[in-house]
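Data first, discussion second: the structure below is written as structure tokens.
In the numbering used here, the protein residues as written are 1 to 384.
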């Protein structure tokens, strides 16, 4: 990654270990810190009473310190302390270092701490048994990093900051778009449902079980439902020879698919064409929507609304997650709004267009996640 014209300098030549010990006293509060993985920074963990730790001393950190977690540095647990964490304390598991700012700027190390190059170097120097691999501070200081002139550091940092700000703006606009879109859909659905006649769910979408005939030499691809209204996903394929307690049921495009153990937290979805012909376990309820009477999208949107989830919750007694099994009988009795079919179809078409736009944003989000690493790769190659 590093630019061949930039000198590679051991960290020990540009930072030095520092300790600011404070004696731990019962009855005194201490703001403790942690360091996230993969260069995500230091954070304030929790405030504890001195009686809650066996440590005799803790170490203060200050803004612009370099800090690592000795165990997890191999997973990118390295950071430059921000003003939000200034004054926190850490144990000896968090070695701390001060910068020689005439040679290395904290902002340069801040961005370099987010590179896989540094994480790999830390991993290679970590020692110990699995799960307890620690890096010794003196070994960490032997790691070589690219250190151009201060003037060049300032130039590159400004360029990275500018590009990172643009990426943050994209993230903010995407989040705002999702919020506005969700509010718009809720408004349209509420307007169409207002004053519409209501009937039980089973009258417009009766429970429909299509038990699979199990053959030992056949494969049964599964479909499942995510919680919080996040749609369907495909789980492992079941072999007929391995099916014992499972009782798979056939799922068809347009079914309403509902987990009977997680429906109360929004595990409800419309089966898509990609789900057609797959199988849900006996833990899923399938409802076949009557054509020309209702649309599955309109009904599921209602079931995932505040009112709908209230009814689902009432149909899912119990206090512990594992005991909150949804009653099929009670779900079938939930009163659902049934406006004119054309109005429902309009909403379904609108929802499908919005879903398509969201899918495109999700694809961009995958691309977006690779942008900062790419920017940093170019930056520390000297290509920015």
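For each residue, glycine too, the CB sits at the ideal point set by N, CA and C. Small disclaimer: the values here were computed from a predicted structure and weren't measured.
Inter-residue distance for residue 62 and residue 144 is about 24 angstroms (C-alpha atoms, whole angstroms). Between the beta-carbon of residue 96 and that of residue 223 there is about 50 angstroms, and that puts the pair past the 8 angstroms contact cut.
Between residue 25 and residue 88, the C-beta spacing is not below 8 angstroms. In the three-state scheme derived from DSSP, where H, G and I count as helix and E and B as strand, residue 239 is classed as strand. For residue 11, the secondary structure class from DSSP, reduced to helix, strand or coil, is helix. A distance below 8 angstroms between beta-carbons, with the five flanking residues on each side excluded, links residue 93 to the following residues of its chain, in chain order: 69, 70, 71.
At a Cβ-Cβ threshold of 8 angstroms, residue 157 and residue 105 count as neighbours. Residue 133 has its alpha-carbon roughly 36 angstroms from the corresponding atom of residue 155.
In the three-state scheme derived from DSSP, where H, G and I count as helix and E and B as strand, residue 172 is classed as helix. Inter-residue distance for residue 170 and residue 369 is about 12 angstroms (C-alpha atoms, whole angstroms). Judged by DSSP in its simplified three-state form, residue 353 adopts helix. A Cβ-Cβ separation of about 13 angstroms leaves residue 301 out of contact with residue 205 under the 8 angstroms criterion. Put simply, the backbone Cα of residue 283 is about 34 angstroms away from that of residue 364.
Here the C-alpha atom of residue 15 lies approximately 11 angstroms from the C-alpha atom of residue 140.
In the DSSP annotation of this structure, the continuous segment of the beta strand (DSSP E) that includes residue 49 starts and ends at 42-49. DSSP places residue 364 in the helix class (H, G or I) of the three-state scheme. As DSSP reads the structure, residue 68 sits in a beta bridge with 78.
Rounded to whole angstroms, the separation of the alpha carbons of residue 274 and residue 253 is 8 angstroms. Nearest C-alpha to residue 344 among 251, 190, 374: 190.
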